[in-house]
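Residue numbers (this note's numbering), protein chains in the order written: chain F, 3 to 121; chain R, 3 to 121.
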């Protein structure tokens with residue numbers, strides 16, 4: 003009990019890309035870590051904003067009208083309903099905060115859709 | 003528009019301890035940064051959990067039955083209603099996520115209570 007989460011150790015414990023792990027719960031929100039590598043599905047979350055905080059590497063969030071590129075220590079909130087495609091040619095480790103019911107591929111289920119994984 | 007938040011630059015823009023700045027909004031939650039230095043007020047948030055992610059330095063969250071000490075890249079969620087006292091003898095920079103209505107000193111208003119500051 004009272005054990006803090008070590009983000010680097012958690013991220014070192016798995017290798018799968020685009021497969022978020024829930025490391026903590028804040029009310030009805032999840033705090034998740036994910037490894038980004040290559041291109042993710044273009045999708046929307048119709049009912050929620052989504053917070054991205056880059057921990058290592060570089061993540062680009064491709065929007066209809068712009069690319070938002072985040073390095074370590076940069077964060078961005080994708081507003082609800084806004085189509086976005088996370089991409090990371092060279093890899094990134096990312097902290098996400100979003101409602102616990104949020105599915106990674108939002109309104110666009112497919113091969114990269116994952117179940118909620120709490121560790 | 004579409005400008006990411008640079009956490010280090012934001013933290014370099016002010017020096018006041020225990021005075022959270024809201025850097026982004028996620029639904030009805032705030033993403034805040036705060037400089038911890040010395041001892042904060044012992045308090046509770048009766049209605050919400052509170053997420054602490056340490057960015058730099060070392061933060062101890064003193065609970066009734068334990069001290070939780072967080073270095074960079076460590077996170078901890080203080081459950082709603084749990085009395086806690088953040089302390090940082092040598093200073094820390096911390097990311098917080100909590101409902102936008104959350105007051106920093108919770109149920110224990112005093113000299114360190116601040117208004118919500120959105121930057």
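Using N, Cα and C, we set each Cβ at its ideal position, and we do this for glycine too.
For residue 88 of chain F and residue 92 of chain R, the gap between their C-alpha atoms comes out near 37 Å. The closest CA to that of residue 69 of chain R, considering only R:108, R:90, R:111 and R:121, is found on R:90. Taken atom to atom, the span from the alpha-carbon of residue 96 of chain F to that of residue 119 of chain F is near 16 Å. Secondary structure note for residue 38 of chain R: its beta strand (DSSP E) is the uninterrupted segment 31-41.
Using beta-carbon distances, residue 113 of chain R does not count as an interface residue toward chain F, since no partner is under 7 Å. Around the Cβ of residue 108 of chain R, a 10 Å sphere holds 16 or more other Cβ atoms; the residue is buried. Across the segment 42-72 of chain F, CB contacts with chain R closer than 7 Å involve 50, 51, 53, 65, 68, 70 and 72, in sequence order along the chain. For residue 13 of chain F, no beta strand (DSSP E) run applies; the uninterrupted alpha helix (DSSP H) run containing it begins and ends at 9-14, by DSSP. Going by beta carbons, residue 19 of chain F and residue 46 of chain F fall outside the 7 Å limit. Note on geometry: alpha-carbon atoms of residue 10 of chain F and residue 111 of chain R lie some 36 Å from one another. For residue 99 of chain F, the uninterrupted beta strand (DSSP E) segment begins and ends at 86-101. When the beta-carbon positions are compared, residue 7 of chain F and residue 77 of chain R come within less than 7 Å of each other. Of the residues F:30, F:80 and F:42, the one whose Cα lies closest to the Cα of residue 50 of chain R is F:30. With fewer than 16 neighbouring CB atoms inside 10 Å of its own CB, residue 103 of chain R falls in the exposed class. With a cutoff of 7 Å on beta-carbon distance, residue 32 of chain F and residue 24 of chain F are scored as near each other. Taking the CA atoms as reference points, residue 117 of chain F sits about 46 Å from residue 113 of chain R. Residue environment analysis places residue 121 of chain R among the exposed positions, since fewer than 16 neighbouring C-beta atoms fall within 10 angstroms of its C-beta. Between residue 86 of chain F and residue 65 of chain F, the gap from beta carbon to beta carbon is short of 7 Å. Residue burial annotation: residue 22 of chain F is buried, with at least 16 other C-beta atoms found within 10 angstroms of its C-beta. The alpha-carbon separation between residue 12 of chain R and residue 83 of chain R amounts to approximately 30 Å. For the segment 6-22 of chain R, the set of residues with a beta-carbon nearer than 7 Å to any beta-carbon of chain F comprises 6, 7, 8, 9 and 10, in chain order.
Contact of residue 99 of chain R with chain F is assigned, a C-beta pair being separated by under 7 Å. DSSP places residue 50 of chain F outside both helix and strand once states are collapsed to three, so it counts as coil. Cβ-Cβ separation between residue 98 of chain R and residue 52 of chain R: approximately 7 Å, consistent with a contact (criterion under 8 Å).
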